[in-house]
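What follows is a short report on a single structure.
There are 2 protein chains.
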Amino acid sequence: MSLSKCHLTMILSRTSQYAIQAMIYVAMQPRDVVVLNRNIAQQLNVPAAYLAKVLQHLCKGNLLYSYRGRLGGFRLSDTAGKANLMQVLLLTEGPGFAEECLLGLKECSDETACPMHRRWKPIKQKIIDLLSSQTVEKLARAVQTGKYRLADLPGVVIGGGHS
Amino acid sequence: MSLSKCHLTMILSRTSQYAIQAMIYVAMQPRDVVVLNRNIAQQLNVPAAYLAKVLQHLCKGNLLYSYRGRLGGFRLSDTAGKANLMQVLLLTEGPGFAEECLLGLKECSDETACPMHRRWKPIKQKIIDLLSSQTVEKLARAVQTGKYRLADLPGVVIGGGHS
DNA sequence: TTTAATCAGGACATTGAGGTACAATTTGAA
DNA sequence: TTCAAATTGTACCTCAATGTCCTGATTAAA
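From first to last, the protein sequence lines are chains E and X.
Under our numbering, the first residue of the first sequence is numbered 1, with each subsequent residue one higher.
Under our numbering, the first residue of the second sequence is numbered 1, with each subsequent residue one higher.
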């Protein structure tokens with residue numbers, strides 16, 4: 001019986017969580033600093049090889065710039081600081097990830113709804129509003145003040161790249 | 001690259017969705033009617049063999065009674081009508097499924113929080129409140145009025161068991 | 001020009017959720 | 001007593017998400 005031993009998804013995939021954490025971490029660095037995948041993975045305590053793929057994806061979506069070769073690494077794209085979490089999730093979860101019916105019906109709209117639809121809709125909207133209102137920059141600053149943590153380790157360090 | 005082709009989970013696993021749908025469907029039947037797994041699966045348009053496992057699980061959690069042999073089937077347990085969705089999800093998602101940090105941190109509480117914690121917490125509470133307030137019986141009645149749909153097919157039929 | 005460091009990308013391994021198949025068991029009815 | 005119909009339980013299959021590994025391309029510095 002493989003039921004009820006679930007991985008506790010609740011909204012965001014592991015991939016999306018890594019993506020958001022990484023974006024925040026990169027945004028915490030000075031703008032002229034290029035950060036290594038290795039350092040990001042270390043600081044966030046996530047698997048480096050997998051994180052590399054996620055970062056690659058964020059590059060394709062123009063949220064990060066990557067530099068190859070010696071002294072290479074990643075840095076925030078010019079517009080990424082103002083990017084909100086919905087924009088990040090658009091890349092990692094795919095478009096329309098917030099459209100789904102709570103009970104899984106293929107058709108579930110105001111016209112033809114599941115019995116949870118009416119009460120679920122405003123909550124879903126609140127989630128979307130929250131994710132849309134939080135920018136990468138804003139979250140990075142929140143962590144820098146020391147009030148919040150990013151990784152499981154307390155006190156994520158600034159630096160770990162080369163200028 | 002297998003990223004961004006996700007299955008659009010958003011909160012509930014397929015298993016949980018099946019469980020809730022099935023509970024509502026069974027609750028729509030007259031109390032002395034025993035419903036066949038086959039009929040539930042047909043009406044809800046979900047795979048019967050898998051649904052059987054989910055139902056089995058709901059029996060272990062005392063939300064359903066099952067009767068074996070000829071004229072066997074499932075019916076609501078004595079208390080299940082008053083059961084709310086959190087109680088169903090407790091079985092399918094496991095305990096503590098609503099505890100997790102949005103960004104995936106192992107440690108994320110009021111004392112040591114991720115940068116989303118403060119704003120996420122009230123929304124999570126709203127979700128929990130909603131799921132706690134909706135009982136199986138209430139949802140079943142809502143579908144019976146015809147205002148809401150349960151399955152992808154419009155108009156789920158009552159009956160399909162034997163008394 | 002060589003070398004070291006870094007990302008890019010493909011191939012592969014692992015894991016768990018979702019799904020299928022079938023034998024064992026129980027039970028009502030002929 | 002026998003049989004058919006039903007659940008139970010177990011074992012397996014499939015697939016996508018996650019994670020690992022390795023080779024190649026690229027670049028700066030020695």
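Glycine included, each C-beta is placed from N, C-alpha and C at the ideal position.
Residue i and residue j closer than 8 Å at C-beta
i      : j      : result
M116/X : Q125/E : no
G81/X  : V34/X  : no
R38/E  : L76/E  : no
L91/X  : I20/X  : no
A151/X : Q43/X  : yes
I123/E : I123/X : yes
A83/E  : L55/E  : no
With 16 other Cβ atoms within 10 Å as the buried cut-off, status of residue i
i      : result
E99/E  : exposed
E111/X : exposed
S132/E : exposed
R118/X : exposed
Y67/X  : exposed
G104/E : buried
V46/X  : buried
Length of the line joining the Cα atoms of residue i and residue j
i      : j      : result
K121/X : S109/E : 27 Å
S13/E  : R70/X  : 44 Å
L64/E  : K53/E  : 13 Å
D170/E : D129/E : Absent from the structure is residue 170/E, since the part of chain E shown begins at 1 and ends at 163.
V26/E  : L36/E  : 10 Å
L58/X  : V88/X  : 8 Å
L51/E  : K60/E  : 14 Å
F164/X : T145/E : The question about residue 164/X has no answer here: the residues shown for chain X are numbered 1 through 163.
Q29/X  : Y18/E  : 45 Å
A48/X  : I127/E : 34 Å
N62/X  : K147/X : 29 Å
A142/X : V143/E : 45 Å
P95/X  : P95/E  : 30 Å
F74/E  : F74/X  : 57 Å
M1/X   : K106/X : In this prediction, M1/X has a pLDDT of 37, which is less than 50 and means its spatial position is unreliable; what the coordinates show is noted afterwards. Rounded to whole angstroms, M1/X to K106/X spans 27 Å at the Cα level.
Contact belief for residue i with residue j at Cβ below 8 Å, rounded distance in angstroms
i      : j      : result
I11/E  : M10/X  : 6 Å
R149/X : C101/E : The Cβ separation is near 10 Å, so there is no contact.
E93/E  : S16/E  : 6 Å
Given a limit of 8 Å on CB to CB distance, which residues of the stretch 37–50 of chain X reach chain E?
Here the close residues number zero.
Using Cβ-Cβ distances below 8 Å, what residues of the stretch 124–143 of chain X are close to chain E?
Residues passing the 8 Å Cβ filter: K126, I127, L130, Q134, L139, A142 and V143.
Looking at chain X, which residues of the stretch 100–119 of chain E have a Cβ within less than 9 Å of any of its Cβ atoms?
Residues of the stretch 100–119 of chain E with a C-beta less than 9 Å from any C-beta of chain X: E100, C101, L102, L103, G104, L105, K106, E107, C108, T112, A113, C114, P115, M116, H117, R118 and R119, listed in chain order.
The stretch 11–23 of chain E: which residues have C-beta closer than 7 Å to a C-beta of chain X, in chain order?
Closer than 7 Å at the C-beta level to chain X, one finds these residues of the stretch 11–23 of chain E: I11, L12, S13, R14, T15, Q17, I20 and Q21.
Chain-ordered residues of the stretch 60–86 of chain X with a beta carbon less than 7 Å from chain E:
Under the 7 Å Cβ criterion, the stretch 60–86 of chain X contributes no residue.
Any residues in the stretch 24–35 of chain X with a beta carbon nearer than 9 Å to a beta carbon of chain E? Which ones, in chain order?
Answer set for the stretch 24–35 of chain X: I24.
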